[in-house]
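> In order, the protein sequences belong to chains R and Y. Residue 1 is where the first sequence starts when you use the working numbering, and the numbers rise one by one after that. Residue 165 is where the second sequence starts when you use the working numbering, and the numbers rise one by one after that. One structure follows; several queries about it will come next.
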Amino acid sequence: MKLFRREPEAEADVRPTLLGVVTLMFLLLFFLLATSSGQRLGVVDLRLAAPGEAPPLPHAGLVKSVVVSLQPSAARVEFEVATTDIASSADTRELRAIDVPSSGDRVDLAALLAALETVHRIDGSQERAEVRPSPEVSTATLLAVLDVVRGSSQAPLFSRVSLQ
Amino acid sequence: MKRFRRREAQASVGLDVGALAPMVDMMTLLLLFLLRTYSTELAPTPPSGPFALAPTSSEESRHGGIEILVANDAIYVDGQRIAAWDYVGTEGVVKPLYDRLLASRTKARAEVHADGTVPWRRLGRVLATAQAAGLEELAIVGGYRGSL
Numbered sequence: 001m002k003l004f005r006r007e008p009e010a011e012a013d014v015r016p017t018l019l020g021v022v023t024l025m026f027l028l029l030f031f032l033l034a035t036s037s038g039q040r041l042g043v044v045d046l047r048l049a050a051p052g053e054a055p056p057l058p059h060a061g062l063v064k065s066v067v068v069s070l071q072p073s074a075a076r077v078e079f080e081v082a083t084t085d086i087a088s089s090a091d092t093r094e095l096r097a098i099d100v101p102s103s104g105d106r107v108d109l110a111a112l113l114a115a116l117e118t119v120h121r122i123d124g125s126q127e128r129a130e131v132r133p134s135p136e137v138s139t140a141t142l143l144a145v146l147d148v149v150r151g152s153s154q155a156p157l158f159s160r161v162s163l164q
Numbered sequence: 165m166k167r168f169r170r171r172e173a174q175a176s177v178g179l180d181v182g183a184l185a186p187m188v189d190m191m192t193l194l195l196l197f198l199l200r201t202y203s204t205e206l207a208p209t210p211p212s213g214p215f216a217l218a219p220t221s222s223e224e225s226r227h228g229g230i231e232i233l234v235a236n237d238a239i240y241v242d243g244q245r246i247a248a249w250d251y252v253g254t255e256g257v258v259k260p261l262y263d264r265l266l267a268s269r270t271k272a273r274a275e276v277h278a279d280g281t282v283p284w285r286r287l288g289r290v291l292a293t294a295q296a297a298g299l300e301e302l303a304i305v306g307g308y309r310g311s312l
């Protein structure tokens, strides 16, 4: 009988394993804290229109051009939409505009995103957009707007942004 | 009774697994945060005066090139003060910067580190000057503010 009686299994002690993990994490933390500069940089590549540069060839889709006019605390999205989807040399276009209100003393970035998404829904193949900042627009506002116009990696909007 | 008492006494000795688990969780979160914000490159700063890069959500990293720093009082190229805004006029190409960039045309790319409060009328002039000096690739550098 004793031969078949199972001994109660002792629970494995996980503490040494956990302590090993904690020690390793401590070492990694110290290494990262010692070697990190504390500020990661992000780069926004620009495309500047050269003086006298010819405009790009017209886009084949419905939205022909997208222009974001930027003021220190407001913005306006203007876009040209072809009123017919028949390809011809003389198409008719309609200029539409969405005014983006200010949020306090800043551009309302959520409203700007909503406006650009509206344009993107009309023609998802349009990748070009032009940003025209006014002289008093700060670099912080400009970069924030450029981030919105380009969209995120999950939901890209206009990846080819040029500054005028 | 005696047997139970001994077991209780044994359990209270040493480290408790229940206490270690939250610590491991916390360390993992800290590690994740540090890895997301980890960077070994130092952002250039002017020798004097306040300077703060504008935040950006762009995850693209730097590709090298000429380093142009635009502060509210002056322009620096590769750490060297090139021009003070008070002495470069209000319009057109920034001549001292243009000359300096022409002298270092071996590099075709420039990265502009501008203070967040610098207005476009200045930043635009710097970019136009760099373009006029033949730099084909231009980029603005900001401080990454990505989320976990």
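Cβ atoms here follow ideal geometry from the backbone N, Cα and C, with glycine treated the same way. These numbers were taken from a predicted model, which means no experiment stands behind them.
Taking 8 Å as the threshold (beta carbon to beta carbon), is GLY298(Y) in contact with chain R?
It does not; no Cβ of chain R falls within 8 Å.
> For VAL77(R), I'd like the list of residues in its chain whose CB is within less than 6 Å of its CB, leaving aside the five on either flank, ordered along the chain.
Cβ within range, chain order: VAL68, ILE98 and ALA115.
> For a contact meaning CB atoms closer than 8 Å, what does GLU136(R) contact in chain Y?
Near GLU136(R) (Cβ distances below 8 Å), the residues of chain Y are PRO283, TRP284 and ARG285.
> Please list, in chain order, the residues of the region 70-83 of chain R that have any C-beta partner in chain Y closer than 7 Å.
Listed in sequence order: no entries.
> Whose C-beta lies closer than 8 Å to the C-beta of ASP263(Y) among residues of the same chain, with five residues either side of it excluded?
Hits under 8 Å: none found.
> Could you say which of GLY280(Y), ALA247(Y), ALA248(Y) and GLN244(Y) lies nearest to TYR308(Y) if we only look at CA atoms?
It is GLY280(Y) whose Cα lies nearest to the Cα of TYR308(Y).
> Just the Cα atoms here: how many angstroms apart are TRP284(Y) and GLU136(R)?
TRP284(Y) and GLU136(R): Cα-Cα distance of roughly 6 Å.
> Could you have a look at ASP206(R) and say whether DSSP puts it in helix, strand or coil?
There is simply no residue 206(R) to check, as chain R begins at 1 and stops at 164 in what is shown.
> Are the region 23-37 of chain R and the region 292-307 of chain Y touching by the rule of at least three beta carbon pairs closer than 8 Å?
Counting Cβ pairs under 8 Å, fewer than three are found: no touch.
> Where DSSP assigns a beta bridge to GLU11(R), which residues make up the other side?
Per DSSP, none; premise fails for GLU11(R).
> Which same chain residues end up closer than 8 Å to ARG93(R) when comparing Cβ atoms and leaving out the 5 residues on each side of it in sequence?
The residues are LYS64, GLU80, VAL81, ALA82 and THR83.
> Say yes only if the C-beta of VAL149(R) is nearer than 7 Å to one or more non-hydrogen atoms of the ligand HEM, and no if none qualify.
Absent from the structure shown: the ligand HEM. Ligands present: none.
> Interface residues of chain R around VAL181(Y) at Cβ under 8 Å?
Here the neighbours are VAL14, ARG15 and LEU18.
> Tell me the DSSP secondary structure of ALA248(Y) in three-state form.
Three-state DSSP puts ALA248(Y) in a strand.
> Am I right that ASN236(Y) and VAL181(Y) are in contact with their C-beta atoms under 8 Å? What's the rounded C-beta distance?
Rounded, the Cβ-Cβ distance is 56 Å, inconsistent with contact.
> Use the C-beta contact count for ARG15(R): other C-beta atoms within 10 angstroms, 16 or more gives buried, fewer gives exposed.
Classification for ARG15(R): exposed.
> Whose CA, out of ARG286(Y), SER225(Y) and THR270(Y), lies closest to the CA of ALA247(Y)?
Here the closest residue by C-alpha is ARG286(Y).
> Report the rounded CA-to-CA distance for THR141(R) versus MET25(R), giving the unit in angstroms.
C-alpha separation (whole angstroms): 39 Å.
> Is the CB of ALA173(Y) under 8 Å away from at least one CB in chain R?
Caution is warranted here: a pLDDT of 47 is assigned to ALA173(Y), below 50, making its placement in the model unreliable, and the coordinate value is therefore given only provisionally. Not an interface residue.
> Is ALA173(Y) helix, strand or coil when you go by DSSP?
Since pLDDT at ALA173(Y) reaches only 47, below the 50 mark, its modelled position is unreliable, and the value read off the structure follows with that caveat. Of the three classes helix, strand and coil, the one that applies to ALA173(Y) here is helix, per DSSP.
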